[in-house]
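At position 162 of the sequence shown (counting the first as 1) the number is 168 in this note's numbering, and the numbers step up by one without a gap. For each residue, glycine too, the CB sits at the ideal point set by N, CA and C. Owing to the predicted nature of the structure, the values given are computational and were not obtained by experimental measurement. Inspection log for the structure reproduced underneath, given as structure tokens.
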Amino acid sequence: MYPVLFQIGPLTVYSFGALMALAALAAGWLVSMELERKGHNSELASTMVLAAAIGGLLGARVLFILEDWGNFVHSPWSYIASGAGFTWYGGMVGGVLAVSWVVRRQRIPWLEAADISAPALALAYGVGRIGCHVAGDGDWGTVSNVPWPVAYTNAIIGWVNPLTGIPYPPGVRVHPTPIYEFMESLIILGILWRLRKKGY
Numbered sequence: 007m008y009p010v011l012f013q014i015g016p017l018t019v020y021s022f023g024a025l026m027a028l029a030a031l032a033a034g035w036l037v038s039m040e041l042e043r044k045g046h047n048s049e050l051a052s053t054m055v056l057a058a059a060i061g062g063l064l065g066a067r068v069l070f071i072l073e074d075w076g077n078f079v080h081s082p083w084s085y086i087a088s089g090a091g092f093t094w095y096g097g098m099v100g101g102v103l104a105v106s107w108v109v110r111r112q113r114i115p116w117l118e119a120a121d122i123s124a125p126a127l128a129l130a131y132g133v134g135r136i137g138c139h140v141a142g143d144g145d146w147g148t149v150s151n152v153p154w155p156v157a158y159t160n161a162i163i164g165w166v167n168p169l170t171g172i173p174y175p176p177g178v179r180v181h182p183t184p185i186y187e188f189m190e191s192l193i194i195l196g197i198l199w200r201l202r203k204k205g206y
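Here you go:
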């Protein structure tokens, strides 16, 4: 795996961050097309994506802290200063709330906005999972002997069992769960894209 794409002096570009940026750009492109198709200002897409990113990061961070409240209380600064520690579900809730606020201000019906955003969400999620796969952030599956297992030997969290922190012995391979989720996202994207003209 390649958690670091490249370094230029003090600047380090991480694969996960690069794929997240690509996911945001891809989502913005789809949202822009759908806004225009439905007669809205396509430039609103950048505002929606920015709101989703900010709300998503805040929601993901807050839920992570709430889930680990005992440790947070004992060492809050380590959580605040750390670049790690996000929970996907919190990000989803935070992103939806932030985008809902934006579309409400633009007087776009919520269900119409959901129709506009749904394909973009599927695409962004899929691209994001590739980021997880390349970075090796611990989202892999269980140990497996299927023909396509992966060893995340250069994983950013270390080649360890993410539930126990115990290093895997040499030769161990696991299910590449992020790849499975990427393929599922493409299927969902295809279904949503075919249905997008039906409306809500």
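Distance from the CA of E40 to the CA of S48, rounded to the nearest whole angstrom, comes to 8 angstroms. Three or more Cβ pairs closer than 8 angstroms define a contact, and the segment 114-124 falls short of that threshold against the segment 154-161. When C-alpha distances from Y8 are compared across D121, I136, G15 and N151, the shortest belongs to I136. In terms of Cβ geometry, G61 and A104 form a close pair [threshold 8 angstroms]. Going by C-alpha positions, L56 is about 13 angstroms away from S38.
Per DSSP, the unbroken alpha helix (DSSP H) holding Y186 starts and ends at T183 to L201. I14 sits in a strand when the DSSP states are folded into three classes. In the three-state reduction of the DSSP assignment, V37 falls in the helix class, which pools H, G and I. Under the three-state reduction of DSSP, V149 is assigned to strand.
Within its own chain, the residues whose Cβ lies closer than 7 angstroms to the Cβ of A126, once the five positions on either side in sequence are excluded, are A33, L36 and V37, listed in chain order. With fewer than 16 other Cβ atoms from the protein chains shown falling within 10 Å of its own Cβ, M189 counts as exposed. When N151, G147, V133 and V166 are compared, the shortest CA-CA separation from A27 is found for V133. In this structure, the CA atom of Y186 is about 32 angstroms from the CA atom of L17.
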